[in-house]
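Each residue of the sequence shown is one higher than the last, beginning at 1 in full-length UniProt numbering.
Glycine included, every Cβ here is placed at the ideal spot set by N, Cα and C.
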Amino acid sequence: MATLSVACKSKSSADEIGIAKQATIDSVNAVNNARQQVIDSVNLEKIEQAKQEKANGSRLRSGSSSSSGSSASTSAPATTQQKKGWSSTAKGAVIGAGAGALTGALVSKQKGTGAIVGGVLGAGAGAATGAIIDKNKKKKQQQ
1 MATLSVACKS KSSADEIGIA KQATIDSVNA VNNARQQVID SVNLEKIEQA KQEKANGSRL
61 RSGSSSSSGS SASTSAPATT QQKKGWSSTA KGAVIGAGAG ALTGALVSKQ KGTGAIVGGV
121 LGAGAGAATG AIIDKNKKKK QQQ
């Protein structure tokens, strides 16, 4: 009977580990999906910017005989205001999720559960910190 109860306990523990591993894989996949969405939106923004620059270029060529200097100076600020790359919020969320998952796995007795909880908390803290950084950058640009 003692062997049977030990075997049942180890099997349920193995099931819990399997569930925790799957949950970790699911959360990593969710982070990867979010990251891919950010990459896709950045690529879409670059395509739109290229279309806009091409349209501005054709306007510049058609009106270049009258005042090419002023046209070039008006299009330059528009390109400097465009965002490039990841936002600080996205970077913070991804970095926080990784650091939190690693810390949670190292600290917790239940590695899978600790990694999941740490990843979620880390992503939230990283995203919040990144949002603050983005807000401060936006204020600086407006000044």
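In the three-state DSSP reduction, S108 falls in the coil class, being neither helix nor strand. Considering only G112, K137 and G57, the residue with the shortest C-alpha distance to T89 is K137.
For G122, the CB contacts under 6 Å within the same chain, skipping 5 residues up- and downstream, are G96, A97, A99 and G100 in chain order. Cβ-Cβ separation between G126 and V117: approximately 15 Å, too far for a contact (criterion under 8 Å). Relative to I133, the option among S87, K54 and A34 whose CA is nearest is S87.
By the neighbour-count criterion, in which 16 or more other beta carbons inside 10 Å mark a residue as buried, A115 falls on the buried side. In this structure, the alpha-carbon of Q143 lies about 25 Å from that of V42.
If the five residues before and after K21 are omitted, its C-beta is found closer than 8 Å to the C-beta atoms of G112, all from its own chain and listed in chain order. A distance of 9 Å or more separates the beta carbons of V38 and G119. Contact between V94 and R35 holds: their C-beta atoms lie close to 6 Å from each other, under 8 Å. When the beta-carbon positions are compared, A128 and G85 stay at least 9 Å from each other.
Per the coordinates, the alpha-carbon of N33 lies some 31 Å from the alpha-carbon of K140.
Around the C-beta of G130, 16 or more other C-beta atoms lie within 10 Å, and the residue is accordingly described as buried.
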